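Report on one structure; see the data block that follows.
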Amino acid sequence: MSTTPPVIQRFIAATNAGDTAAFLEAFTPDAFLSDWGRDFTGRAGIASWNETDNIGVQSKFRLLEVEPNGADAYRVRLAVSGNGYNGDGTMAFTLTGGRISRLVIS
1 MSTTPPVIQR
11 FIAATNAGDT
21 AAFLEAFTPD
31 AFLSDWGRDF
41 TGRAGIASWN
51 ETDNIGVQSK
61 FRLLEVEPNG
71 ADAYRVRLAV
81 SGNGYNGDGT
91 MAFTLTGGRI
101 SRLVIS
């Protein structure tokens, strides 16, 4: 397993702590998030997804694997539990300036 970038560590820690402010701060202001084809743009869009699909349903993440996937990009496999989705999932992160600029969940 590759070294986990600090912003991805913060993304996981903020989710697990239920810290919405820290979670949103991990993203660039114009970030894009796609969750199985459901698209969200900007912090307001990501905040909406967070409420319905992440911290809002008490999600918890356990890191299983992280691998580089190009320049400033990482493929991360997580075990997810909570009151929403439960199971393993893959997230593709693109980072810009130490924050998440693109996140695709598949």
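So the sequence shown is numbered by the UniProt record's numbering: it starts at 1 and just counts up by one.
Using N, Cα and C, we set each Cβ at its ideal position, and we do this for glycine too.
As the structure is a prediction and not an experimental result, all values here were calculated from the model.
Rank A92, G42, G56 by C-alpha distance to the C-alpha of D19 and give the top, closest one. G56
L63 vs T3 beta-carbon contact at 9 Å: no
Have a look at R38 and S106 and give me their C-alpha separation to the nearest angstrom. 11 Å
So, with DSSP's three-state summary, where would you put A21? helix
Suppose you measure from the CA of A22 to the CA of G70; what does that come to, to the nearest Å? 26 Å
Determine the direct distance from the alpha carbon of A73 to that of S101, and round the result to whole angstroms. 10 Å
For D88, collect the residues of the same chain with a Cβ closer than 8 Å to its Cβ; drop the 5 residues on either side in sequence, then sort them by chain order. L64, R77, L78, A79, V80
Tell me where the beta strand (DSSP E) around T96 begins and ends. 87-96
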